[in-house]
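1379 is the number of the first residue of the sequence shown in this note's numbering; add one for each residue after it.
In this text, a Cβ means the ideal position worked out from N, Cα and C, and glycines have one as well.
What follows is a short report on a single structure.
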Amino acid sequence: SADTQEVTLRKELELLQLYLSIEQIRFGERLTVKLDVAPEALEAQVPNFILQPLVENAIRHGIEPRARPGRIELHARRQDGALTLEVCDNGNGMPAAKPAREGVGLSNTRARLRELYGAEHRFELAGQPEGGLRVAVTIPYHTENELDENSNSHRR
């Protein structure tokens, strides 16, 4: 489905679980993953392959450099016509003295969101008070059925 722009969050989470199962073998007890996904968010359309680069970035920069156990949390919520996806880690966070530097994964993610949603999205990186980093993506909430209904109404 590489040419598919959007998939359900449910499908995206299934793909993410495959990636996380590999990372779980690699890190063992050093990696804890918590998924907090509201049931109504599961049928939302999200950019295909949007979560894996965010989680990979959290593991690479938040978990991997440290010897102590790390935690990745993924939150998904529908609110006020939007879907918010958050990936958080408990790593070292962003250096306070230097501006955040985005690598290829985050830059590509930002560009894809801009292409798909224009000004109707938000992409935020923020340090967390208890340490670590939070990446939040907010996009318009819609389902595949809503897209089909809108397409049909335009054809009439």
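Less than 6 Å between C-beta atoms, sequence neighbours within five positions excluded: which residues of the same chain meet that for Gln1506? Arg1512
May I ask which residues mark the beginning and end of the beta strand (DSSP E) holding Leu1463? Ala1460 to Asp1467
Option nearest Val1424 by Cα separation, candidates Thr1386, Ala1504 and Ala1460: Thr1386
When we look at the beta-carbon of Asn1486 and count the other beta-carbons within 10 Å, is it buried (16 or more) or exposed? exposed
Give me, in chain order, the residues of the same chain whose beta-carbon lies closer than 6 Å to that of Glu1480; leave out the 5 immediate sequence neighbours on both sides. So the list is empty, once near-sequence residues are dropped.
Straight-line CA distance for Leu1391 to Leu1429? 8 Å
Leaving out the 5 sequence neighbours to the left and right, which residues in its chain are closer than 6 Å to His1520 when beta-carbon positions are compared? Gln1423
Helix, strand or coil: which one does DSSP assign to Gly1440? Helix at Gly1440.
Measure the alpha-carbon distance for Gln1395 versus Lys1389 and round it to whole angstroms. 10 Å
If we ignore side chains and look at the alpha-carbon of each, how far apart do Phe1427 and Leu1393 end up? Roughly 8 Å between the two C-alpha positions.
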